[in-house]
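Taking it in order: structure first as structure tokens, then the write-up.
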Amino acid sequence: MKTKVLLLGIDGLVLTRALTSGRAPRLSALKERGYFTEFLMSSPTYSGPGWSTLLTGSTNEEHLVFDNRFMGHNLLRRPDLLSRAFYQDQSTTTFAAAGWPPLVDPTGPGPVIHQRREQQLAFQHRVIVRDGETHGYRSIDAEIADIGTFAISQHGPDVNFIYFCGADEAGHTYGTLGTEYIDAVGRIDNHLHRLENAIVKRVESLNEEWILVVTTDHGHLDEGGHGGDHEKEKASFVIAVGLGRENPAWPGNVQPHQLVSHILDERAK
Ligand SMILES: [Zn+2]
């Protein structure tokens with residue numbers, strides 16, 4: 023049986039802040055037991071180029087996304103993780119859910135995740151689009167968590183990307199040093215816990231093998247904000263935990279644009 027994948031994207035997560043706050047127990051536990059590496063994102067450290075790199079396995083110069091407007095992007099020629107898993111094995115089912123529209127919404131800039139309409143019609147690919155920019159990420163992240171938990175427990179797609187942005191939103195509004203940021207991290211840790219539980223139930227009842235991978239697209243300055251090349255803005259990481267199987271044995275020097283191929287290697291085994 024092939025390894026199934028959940029890639030969890032937590033936008034603007036300052037990992038050290040999350041871990042030392044005591045409010046992210048699930049994330050801390052995953053880091054302790056899993057594969058872990060830190061890496062630096064390329065500048066400009068905006069969400070557009072960051073997620074484009076992490077999700078398509080391309081450098082900024084390859085996907086040509088340098089900001090959140092996506093003007094002149096090359097994403098149609100740089101397929102995302104879900105698409106590449108499908109092209110690698112056309113029985114693959116895929117699922118994406120995000121509240122930041124450029125990742126998933128075909129009517130706006132991007133999207134980074136390809137639509138693959140034929141696979142959607144065949145129920146092999148589902149894309150859940152929500153708009154946290156308009157409605158706020160506190161409620162939209164919770165809705166994404168509900169839908170994602172349902173999808174994983176009921177359908178168990180092979181390769182999943184689920185995304186939360188409440189921490190980034192709080193970072194921009196309040197900075198990262200106050201309680202607002204940590205409250206947002208705590209809410210996301212709860213979402214993570216629900217998704218992890220859904221996977222664990224499948225592992226126990228269906229003997230499936232999964233990897234749960236967590237990453238972020240950039241950090242934040244203490245006062246909130248990113249885009250520049252300060253180390254706090256470029257700071258990112260990968261946590262990868264095997265559920266029903268061993269942890270991925272990835273090298274310690276994985277770079278952001280290499281994450282997709284390492285995940286796909288686990289599928290090919
Ligand atoms: Zn971001």
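Residue numbers (the working numbering): 23 to 291.
Just so you know, even glycine gets a beta-carbon here, dropped at the ideal spot from N, CA and C.
For G241, the secondary structure class from DSSP, reduced to helix, strand or coil, is coil. In this structure, the alpha-carbon of A206 lies about 10 angstroms from that of F186.
Short note on D33: C-beta closer than 6 angstroms to some heavy atom of ligand 1. Straight-line spacing of the CA atoms in T25 and V260 works out to 18 angstroms.
Taken in chain order, the complete alpha helix (DSSP H) segments of 4 or more residues contained in the region 23-91 are 37-43, 47-55, 69-78 and 82-85. According to the DSSP assignment, G264 belongs to the beta strand (DSSP E) that extends over A257 to L265. With fewer than 16 neighbouring CB atoms inside 10 Å of its own CB, A290 falls in the exposed class. Secondary structure note for I184: its beta strand (DSSP E) is the uninterrupted segment V181 to F186.
Between the alpha carbons of F117 and L49 lies a gap of roughly 22 angstroms.
Looking at the DSSP output, W232 shares a beta bridge with K26 and L265. Closest by C-alpha distance to I184, out of W272, E253, F172 and G132, is F172. Per DSSP, the continuous alpha helix (DSSP H) segment holding I285 begins and ends at L281 to A290. Spanning the alpha carbons of G34 and S227 requires a straight line of approximately 35 angstroms. The beta carbons of F61 and Q280 sit no closer together than 7 angstroms. Looking at the DSSP output, I150 bridges to A119. Counting along the chain, the unbroken alpha helix (DSSP H) around I162 starts and ends at Y159 to Q176. C-alpha of G170 to C-alpha of G154: approximately 16 angstroms in a straight line. F145 carries a coil assignment under DSSP once its states are collapsed to helix, strand and coil.
Segment contact: the region 213-228 against the region 138-155, fewer than three CB-CB distances shorter than 8 angstroms; contact not assigned.
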